[in-house]
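Below is one structure, written out as structure tokens; comments come after it.
Residue numbers (the numbering used here): 4 to 313.
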């Protein structure tokens, strides 16, 4: 018996989300467009999330529940990607509530595009604010820069992706990274984007976390190497908000190794930072300074500076 492929596959990683999960699932079940599968991956929850998912799945054949040992959001999303049957792929978080027209807005625009982006409504406590992309240029590089200005390029849930592009290029989330793994995935996907579209709606309601606390002191040097390498493929080397952001991330994480007194690691990172400065120094003042001087001389300067600063 053949399985009918749905139009959409919605990927929902879940870890200890019992307080919000039922509300999120009900918002997905209430979508105007009903031709979808919901791939829910329970990432080792211990709070009853799995039981909530199984109960709702028992009455809705579109919900498929998978369980795995805890490994983080990247590994949960990778598990879900193994089971995708839809033509298009989008993502949802277990504490958010998409409006009923969320999927329909994607469906109306996806036919001739490689990715579709819509706005969102973010929720902080009792406050709500809406972001839309009216009048934004839709060429690949300009669109990414505009999203970077709004700190939204790395959001998965306001984007719709083509499953065939993901499958053809074997795209997966890098499980080494503890933050911005979603942006790193999007950045690699974007190297295959030729046509895209913004849609003028904000149908996703996003419960915004405290990013400063969530990602405090996480080492992301290799992450920024990947982001910079991939972004330069679709942006080129022209002045860019995105490339400036990634070169600054590279600098901060290079300095982190000095601050932690890991001097072997610090030497390697300084060398790599200086090497990237050959191409990207126009985006980063620290790259310009280090490249304009004999860069190995910066090693003792930065080592002494961070020792005294501590």
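Virtual Cβ for every residue (Gly too), placed ideally from N, Cα, C.
ask   = Cα separation between residue 194 and residue 233?
value = Going by the C-alpha atoms only, they are around 7 Å apart.
query = When you compare only the Cα positions, how much space is there between residue 36 and residue 16?
reply = Their backbone Cα atoms lie some 21 Å apart in a straight line.
inquiry  = Considering only the alpha carbon of each residue, which of 304, 264, 272 and 241 lies closest to residue 284?
reply    = Looking only at 304, 264, 272 and 241, the smallest Cα-Cα distance to residue 284 is reached by 241.
query = In chain order, what residues of the same chain have a beta carbon less than 7 Å from the beta carbon of residue 23, not counting five sequence neighbours either side?
reply = The residues are 97 and 98.
request  = Sort 278, 70, 60 and 65 by Cα distance to residue 49 and report the nearest one.
outcome  = Closest by alpha carbon: 70.
message = Between residue 231 and residue 279, how many whole angstroms is the CB-CB distance? I'm expecting something under 8 Å.
response = Sure, about 7 Å apart at Cβ, within 8 Å.
query = Taking the C-alpha atoms as reference points, what is the distance between residue 105 and residue 11?
reply = Cα atoms of residue 105 and residue 11: separation of roughly 12 Å, rounded to the nearest angstrom.
Simplified DSSP state of residue 299, which is helix, strand or coil = In the displayed model, residue 299 falls within a helix according to three-state DSSP.
ask   = Pick from 21, 266, 56 and 178: whose alpha carbon is nearest that of residue 41?
value = Taking each of 21, 266, 56 and 178 in turn and checking the Cα distance to residue 41, the smallest one comes out for 56.
message = Tell me the residue span of the alpha helix (DSSP H) that contains residue 113.
response = DSSP places residue 113 in the uninterrupted alpha helix (DSSP H) bounded by 105-113.
task = Could you tell me whether the stretch 154-170 touches the stretch 102-121, using the rule of 3 or more Cβ pairs below 8 Å?
result = By the Cβ test, the stretch 154-170 is in contact with the stretch 102-121, since at least three Cβ pairs between them sit closer than 8 Å.
inquiry  = On the DSSP letters alone, give me the boundaries of the beta strand (DSSP E) that residue 12 sits inside.
reply    = Start and end: 11-17.
key: Through-space distance from residue 229 to residue 3, alpha-carbon basis   = Here the chain covers residues 4 to 313 and nothing more, so residue 3 does not appear.
inquiry  = Three or more C-beta pairs under 8 Å: does that hold for the stretch 176-187 against the stretch 73-88?
reply    = In this structure the stretch 176-187 touches the stretch 73-88; the number of beta carbon pairs closer than 8 Å is three or more.
key: Reference residue 34; option with closest CA among 139, 189, 95 and 236   = Considering only alpha carbons, the answer is 95.
query = Between residue 158 and residue 89, is the Cβ-Cβ spacing less than 8 Å?
reply = No, the pair does not count as a contact, with Cβ atoms beyond the cut-off.
task = In the DSSP assignment, find the alpha helix (DSSP H) that holds residue 178 and state where it starts and stops.
result = Where residue 178 is concerned, there is no enclosing alpha helix (DSSP H), given that its DSSP letter is neither H nor E.
query = In this structure, does DSSP put residue 20 in helix, strand or coil?
reply = The answer is coil: DSSP assigns residue 20 none of H, G, I, E or B.
inquiry  = Ignoring anything shorter than 4 residues, give me the alpha helix (DSSP H) runs that lie fully in the stretch 32-104, in order along the chain.
reply    = Runs of the alpha helix (DSSP H) spanning 4 or more residues and lying entirely within the stretch 32-104 occur at 52-60 and 76-84, in chain order.
ask   = Using a C-beta cutoff of 8 Å, does residue 201 count as contacting chain C?
value = Protein chains in the displayed structure number just one, and chain C is not present.
ask   = Buried or exposed: which applies to residue 295, given that a residue is buried once 16 or more other Cβ atoms fall within 10 Å of its Cβ?
value = The residue is exposed, with fewer than 16 neighbouring Cβ atoms inside 10 Å.
ask   = How would you call residue 311, buried or exposed, if buried means at least 16 neighbouring beta carbons within 10 angstroms?
value = When all chains shown are included, residue 311 counts as exposed.
ask   = Is there contact between the stretch 256-266 and the stretch 300-310, where contact requires at least three CB pairs shorter than 8 Å?
value = Using a C-beta cut-off of 8 Å, the stretch 256-266 makes contact with the stretch 300-310, since at least three inter-stretch Cβ pairs fall below that distance.
request  = Alpha carbon to alpha carbon, how far is residue 68 from residue 4? Give it in angstroms, no decimals.
outcome  = For residue 4, the pLDDT reaches just 45, beneath the cut-off of 50, and the residue's location in the model is therefore unreliable, leaving the point undetermined.
request  = Return the residue from the list 128, 258 and 227 that minimises the CA-CA distance to residue 247.
outcome  = Closest option to residue 247, Cα to Cα, is 227.
ask   = With 16 other CB atoms within 10 Å as the buried threshold, where does residue 304 fall?
value = Classification for residue 304: exposed.
task = Name the residue from 273, 209, 297 and 188 whose alpha carbon lies nearest to the alpha carbon of residue 337.
result = Outside the modelled stretch of the chain, which goes from 4 to 313, sits residue 337, for which no answer is possible.
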